[in-house]
Amino acid sequence: QNSASPLMEQLIFFHDHTLLILTMITILVGYLMITLFFNKLTNRFLLEGQTIELIWTILPAITLVFIALPSLRLLYLLDEIDNPSITLKSIGHQWYWSYEYSDFLNVEFDSYMIPTNELNLNSFRLLDVDNRTVLPMNTQIRVLVTAADVLHSWTVPALGVKIDATPGRLNQTNFFINRPGLFFGQCSEICGA
1 QNSASPLMEQ
11 LIFFHDHTLL
21 ILTMITILVG
31 YLMITLFFNK
41 LTNRFLLEGQ
51 TIELIWTILP
61 AITLVFIALP
71 SLRLLYLLDE
81 IDNPSITLKS
91 IGHQWYWSYE
101 YSDFLNVEFD
111 SYMIPTNELN
121 LNSFRLLDVD
131 NRTVLPMNTQ
141 IRVLVTAADV
151 LHSWTVPALG
161 VKIDATPGRL
171 NQTNFFINRP
181 GLFFGQCSEI
191 CGA
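Be aware that the sequence shown starts at 1, since it is given in the working numbering, and climbs by one per residue.
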């Protein structure tokens, strides 16, 4: 699915940024290996080279800084909760999720995955559920996640959200939906593992 939140757009940009750095490293190392392989000149008396050792120590350090700074910024943004308008509580069970909207009328419902033999023609296998969660667009949403039985992991890839659901512990995350659509969540961990 395409990105539907500013946070996921930032994660995609970071992925592309890191991929560009890794591509440049791969090309440089490949070029050096090929040049050294086809080079007929050798120096048997080269014992040390402080300049080259300095270069191959400083260059990776600079590269790591270019990867670490955007990564730390994103880690900070993932945990920042900024005045949520709505709170959704998500409770993981084997093999379904329960949801609670506690801000208004205390609405509670279970959401089961639709079995393959009951799917409609346009439904998505292993993704569609019988009761969908409806959330507003352009609103800061907080999600409280826990589990009733074993470990789970609540994930909505299009929103860049993934959080563990642990029995006896209440974890929280937030997101902001900036595009309308149907976004599929899933348990991204083998339940109980």
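The beta-carbon is built from N, C-alpha and C at its ideal position, and this holds for glycine as well.
Since the model is a prediction, treat every value here as computed from it, not as a measurement.
Using 10 angstroms around the beta-carbon of residue i, count the other beta-carbons present and answer buried if the total reaches 16, otherwise exposed.
i	result
T146	buried
N120	exposed
L64	exposed
F183	buried
T173	buried
V29	exposed
I163	buried
Give me the Cα-Cα distance between residue i and residue j, rounded to the nearest whole angstrom.
i	j	result
Q186	S153	8 Å
I27	T51	22 Å
G92	E108	13 Å
D149	C191	9 Å
L69	H15	13 Å
L170	S111	19 Å
L78	Q10	10 Å
S71	T23	18 Å
L144	F37	57 Å
L46	L32	18 Å
P167	G181	31 Å
Y76	D103	27 Å
P115	I34	54 Å
L54	K40	26 Å
Suppose the cutoff is 8 Å on Cβ atoms and the five residues either side in sequence are ignored; what does the same chain contact list for residue i look like?
i	result
N122	none
I12	S3
With distances taken Cα to Cα, identify the nearest neighbour of residue i among the options.
i	options	result
Y101	E189, S90 and Q94	S90
I260	L41, F66 and F45	One cannot answer for residue 260 here, as it falls past the ends of the chain, which runs 1 to 193.
S98	M113, F104 and F38	M113
Y96	S3, Q1, A165 and F14	A165
N117	S111, R125 and D110	R125
N106	L19, L88 and T42	L88
E189	P115, F13 and L151	L151
L127	N43, P136, L75 and T155	T155
Only counting the same chain, and skipping five residues up and downstream in sequence, which positions put a Cβ closer than 7 Å to that of residue i?
i	result
S5	L159, G160, F175, F176, I177 and N178
I21	T63, F66 and I67
M8	A158, L159 and G160
Q94	D149, V150 and C191
Going by beta carbon distance, what residues of the same chain come within less than 6 Å of residue i, once the five residues before and after it are set aside?
i	result
E80	none
Problem - Segment contact, 8 Å Cβ cut-off, at least three pairs: the segment 49–61 with the segment 130–141 - result: Contact fails: fewer than three Cβ-Cβ distances are below 8 Å.
Handout entry: the segment 135–144 / the segment 79–99 touching (three or more Cβ pairs under 8 Å)
Key = These segments touch.
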